[in-house]
Amino acid sequence: MLMIKKPKKILIVRLSAIGDVVHVLPALRSLRSNFPDSKITWLVEDKASDILTGHPDIDEVITFPRRKWQRNILKINKITNTVFEIFSFYKKLRKDCYDIVIDFQGNLKSGVMTIMTGSENRIGFGKGYCKEFNYLFTKYRIRPPRKRMHKIDKNLALLGGLG
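Per this note's numbering, residue 51 is the first one in the sequence shown, and the count goes up by one each step.
Structure follows, in structure tokens:
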């Protein structure tokens with residue numbers, strides 16, 4: 051169990067599916083209540099970023115332009131710029147030095163983003179509760195009390211790793 055009393059920076063990783071992003075909002079509210087002085091950042095794909103921008107419990111939204119990069123990486127006239135953008139994105143994730151990173155998505159894509167941060171305190175779902183071997187990218191693996199739970203309850207259970 052992770053025991054950080056006052057994390058300065060927390061990163062939420064829930065990249066996509068607007069409905070699933072909405073299901074993480076109660077966990078966000080709980081995080082803000084428990085850590086009112088922490089800077090909370092949310093990493094999300096551009097499609098769902100609009101619903102998070104301006105949210106009172108979020109200090110920063112980082113947009114992951116996956117679709118744009120997928121489109122442009124194979125275009126000769128855009129490859130250099132796309133590679134530069136990807137490298138800059140990676141540098142930003144590392145530079146921000148998050149005390150805690152919480153992966154609410156639980157798949158390969160979110161696992162890669164989680165590990166890219168370089169944070170030692172990566173929380174995610176345990177084996178059997180995530181997809182695509184995501185548990186390999188996290189240090190603290192949480193197993194919700196029941197397999198069949200509403201997504202909101204499952205997301206709140208993930209915060210149990212904070213002690």
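In this text, a Cβ means the ideal position worked out from N, Cα and C, and glycines have one as well. None of these values were measured; they are calculated from a predicted model.
query	result
Which residues does DSSP list as the beta-bridge partners of G174?	R191
Flag this pair as touching only if the segment 118-130 and the segment 145-164 have three or more C-beta atom pairs under 8 Å; answer yes or no.	no
For the alpha helix (DSSP H) that contains T113, what are its first and last residues?	Premise fails: T113 lies in the beta strand (DSSP E), 110-114, not in any alpha helix (DSSP H).
Give the DSSP-derived three-state secondary structure of D70 in the structure shown.	helix
Bridge partners of E95, per DSSP?	F114
Do the segment 74-86 and the segment 99-119 meet, that is, are 3 or more Cβ pairs less than 8 Å apart?	yes
Can you give me the C-alpha to C-alpha distance between Y179 and S99, rounded to a whole angstrom?	25 Å
For I65, count the other beta carbons within 10 Å of its own beta carbon; 16 or more makes it buried, fewer makes it exposed. Which is it?	First, the amino acid is wrong: residue 65 is Leu here, not Ile. The residue is buried, with at least 16 neighbouring Cβ atoms inside 10 Å.
Could you name the residues that DSSP lists as bridge partners for L61?	T91, V151
Helix, strand or coil: how does DSSP classify T164 here?	helix
Measure from the alpha carbon of K89 to the alpha carbon of each residue in I101, H200, L209, I60, then state which is nearest.	I60
Using CA coordinates, which residue listed in N84, K97, K58 is at the minimum distance from V71?	K97
Closest to F85 by C-alpha separation, out of T113, T103, A67, K56, would be which residue?	K56
Sort R198, N171, E95, D153 by Cα distance to N184 and report the nearest one.	D153
Would you mind reading off the limits of the alpha helix (DSSP H) that contains I129?	129-145
How close, in whole Å, do the beta carbons of R191 and F175 come, if the pair is a contact with beta carbons under 8 Å?	7 Å
Just how far apart, CA to CA, sit E212 and L186?	Residue 212 is actually Leu in this sequence, not Glu. Going from the Cα of L212 to the Cα of L186 covers about 19 Å.
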